[in-house]
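Undergrad:
In UniProt numbering, the protein residues as written are 1 to 552.
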């Protein structure tokens, strides 16, 4: 949630009243033939006259509106009388498929100095537009007349957070008019940030039969809901789990509960103990005793009669920054498109329903890519395809020509997709791993990639795909599956991926079914990218990457 403070400024503010709004003392020699407006001091209003075109004073304006803005406001600064126009601002938003349709959300009260505070919200991936309109109210006629408008993108609220930025006013036709607005976005609520944690344990109980311990940790909120689960460290009484990054906002009140379990060969978990701590009080070296039940009743026995089971904080570092802080530095986001061409997609010829749906989903990400990918050079790959006769598909192919490893923007992806279907043949298996490996090789700590995988959901899970999805968690990348096909395919894909996911790894995969968004594709990017900011922050925190502040 952010608040936008809007201040109105006009290009005539501060004009010299004696020069700019007084009639010339001497009539000029030129013949009058140009219709202009001037400020009549005696009448206290703007009136028309014929201007000769010679040099004179500044009391001549091309429109009544320019004259009123320039002279009535200046006069009002010198006198408390008159019919000066009060101004007010109207705040509207366009968040539907029609980018020209705006709905009003709020408006300010009329006054001499138009300054207003409006509240708005933003979720990563949203592309809605914000409209600020300025109106004047004549104190005598009470008529509302438009002064101008300015359109901003929702992402501007984040990019310019706590930084004033100016937008020139235009009329409804887009022509520039006198004046401007200054927008100052401020955060109403601040995220709690992220915490990088690493735990070890000592003196854990062991199984009676095998005298071994196979422990895991479950990090929970105060209400007991699990937020994160670590890997199982096999046959180890003093385990040290992989580092984890937690979102502070997922722990209301800052309370973290660490539950330790012993896991059997069948996956059955036996509760060992629990430690409760405040995130703000955690530091390296903190010992957290486990409040343990009677271990004998659970089929366990103490490994040491002298020491109590406990957790030790091996690493703890706060990351109070947001993704925008990193984007203001030398960190950048990039997008890559990986498209399924396998035969399970059916007819992909021009004009087919499946072809149109793929193209619509690609185009839905146009605005998001423009907002966040600075160079607009996008890798566009295909899998489940071959370039020549044969039975087996190639590991991956570039949709564009061989010498064009990247294409220019989403429009370039669409063109490459159309050309690729002309020269490529659908094939099997639909093995995704090699294409993901290629994108992973492009990713760097300062260049994070979001791989958008468009598929019908029928993938072949070879070892390379499973291995690549596991390795992706250690790379600067996220994988978003956009399932284009029958309803239920995304659930099957999500179930398959979850069953193969390794515990303790950074979550970097998100699955979205396109079907519910067919009639509102403008909302698809928001849902598809909802997990990306947290995934990015988890990667940066795990690798101790700080933002380079002050770099634009």
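Note that CB positions come from ideal geometry on N, CA and C, so glycine has one too.
If you draw a straight line from the alpha carbon of residue 285 to that of residue 518, how long is it in whole angstroms?
TA: Distance between the alpha carbons of residue 285 and residue 518 is about 52 Å.
Undergrad: With three or more C-beta pairs closer than 8 Å as the rule, is the segment 327-342 touching the segment 228-247?
TA: Cβ pair count under 8 Å is below three, so no.
Undergrad: Based on the DSSP secondary-structure assignment, which residues constitute the bridge partners of residue 371?
TA: DSSP lists no partner for residue 371.
Undergrad: Assuming residue 181 and residue 172 form a contact by the criterion Cβ under 8 Å, report the distance between their Cβ atoms to the nearest whole angstrom.
TA: Not confirmed; about 16 Å, so no contact.
Undergrad: If you draw a straight line from the alpha carbon of residue 98 to that of residue 510, how long is it in whole angstroms?
TA: Between residue 98 and residue 510, the C-alpha separation is close to 28 Å.
Undergrad: How big is the Cα-Cα spacing for residue 526 and residue 129?
TA: Cα-Cα distance, rounded: 14 Å.
Undergrad: Going by the CB atoms, is the gap between residue 399 and residue 378 shorter than 8 Å?
TA: Taking 8 Å as the Cβ cut-off, residue 378 and residue 399 do not qualify as a contacting pair.
Undergrad: Find out if the Cβ-Cβ distance for the pair residue 329, residue 548 is shorter than 8 Å.
TA: Taking 8 Å as the Cβ cut-off, residue 329 and residue 548 qualify as a contacting pair.
Undergrad: Distance, Cα to Cα, residue 564 vs residue 540?
TA: Look at the range of the chain in this structure, 1 to 552, and you will see that residue 564 is not part of it.
Undergrad: Report the residue from 214, 207, 479 whose alpha carbon sits nearest the alpha carbon of residue 200.
TA: Here the closest residue by C-alpha is 214.
Undergrad: Drop a sphere of 10 angstroms on the beta-carbon of residue 283, count the other beta-carbons inside from all chains shown, and report buried for 16 or more, exposed for fewer.
TA: With fewer than 16 other Cβ atoms within 10 Å, it is exposed.
Undergrad: Between which two residues does the beta strand (DSSP E) harbouring residue 484 extend?
TA: From DSSP, residue 484 is part of no beta strand (DSSP E); its letter is neither H nor E.
Undergrad: Name the one or two DSSP bridge partners that residue 207 has.
TA: In DSSP, residue 207 forms a bridge with 300.
Undergrad: Which word fits residue 543, buried or exposed, when buried means at least 16 other C-beta atoms lie within 10 angstroms of its C-beta?
TA: The residue is exposed, with fewer than 16 neighbouring Cβ atoms inside 10 Å.
Undergrad: So within the segment 243-297, which uninterrupted beta strand (DSSP E) runs reach at least 3 residues, ignoring any that extend past its ends?
TA: Counting whole runs of 3 or more residues, the segment 243-297 contains the beta strand (DSSP E) stretches 244-247, 255-263, 269-278, 287-289.
Undergrad: To the nearest angstrom, how far is the alpha carbon of residue 481 from that of residue 63?
TA: Their backbone Cα atoms lie some 55 Å apart in a straight line.
Undergrad: Using alpha carbons as the reference points, say which of 353, 311, 365, 457 lies closest to residue 216.
TA: It is 311 whose Cα lies nearest to the Cα of residue 216.
Undergrad: If we ignore side chains and look at the alpha-carbon of each, how far apart do residue 260 and residue 152 end up?
TA: When rounded, the distance between both Cα atoms is 50 Å.
Undergrad: Mind checking residue 48: buried by the 16 CB within 10 Å criterion, or exposed?
TA: Exposed.
Undergrad: Please confirm whether residue 300 and residue 208 have their CB atoms less than 8 Å apart.
TA: Yes, the Cβ-Cβ distance between residue 300 and residue 208 is below 8 Å.
Undergrad: Helix, strand or coil: which one does DSSP assign to residue 522?
TA: Helix, per DSSP.
Undergrad: At the level of alpha carbons, what is the spacing between residue 34 and residue 66?
TA: In a straight line, the C-alpha of residue 34 is about 16 Å away from that of residue 66.
Undergrad: Note the first and the last residue of the continuous beta strand (DSSP E) segment covering residue 148.
TA: Element bounds for residue 148: 144-153.
Undergrad: Give me the Cα-Cα distance between residue 88 and residue 110, rounded to the nearest whole angstrom.
TA: Roughly 5 Å between the two C-alpha positions.
Undergrad: Pull the bridge partners of residue 170 from the DSSP assignment, please.
TA: Residue 170 is bridged to 149, 176.
Undergrad: Thinking residue 385 and residue 397 are a contact (beta carbons under 8 Å), I'd like their distance in whole angstroms, please.
TA: Right, their Cβ atoms sit about 6 Å apart.
Undergrad: Can you tell me where the beta strand (DSSP E) holding residue 332 begins and where it ends?
TA: Counting along the chain, the beta strand (DSSP E) containing residue 332 begins and ends at 332-340.
Undergrad: Going by CA-CA distance only, name the one from 411, 383, 196, 420 that's closest to residue 401.
TA: Selected option, being the one with the closest Cα: 420.
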